[in-house]
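Residue numbers (my numbering): 80 to 149.
As structure tokens, then:
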């Protein structure tokens, strides 16, 4: 279960990072382009990407604890 959540969160954060790169380099917000300017679905996507980023903060704890196990 946790592994699936990890991969889902990582995928969402990568999508968010690509979107931010497009905004930075080309002023192109892909979420806005596809779903509209702050529609309810685009807000859900932004919220999910943000929650996934917060969830991935737990990787720091898991990575450091993995180093202690060996």
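Glycine included, each C-beta is placed from N, C-alpha and C at the ideal position.
For clarity, every value in this text was computed on a predicted model and none was experimentally measured.
If you draw a straight line from the Cα of residue 123 to the Cα of residue 82, it is about 23 Å long. Boundaries of the alpha helix (DSSP H) around residue 127: 119-135. Residue 128 places its beta carbon less than 7 Å from that of residue 91.
Collapsing the DSSP output to three states places residue 91 in a helix. Classified as exposed, residue 97 has fewer than 16 neighbouring CB atoms from the shown chains inside 10 Å of its CB. If you look at residue 109, you'll find it in the alpha helix (DSSP H) that goes 109-114.
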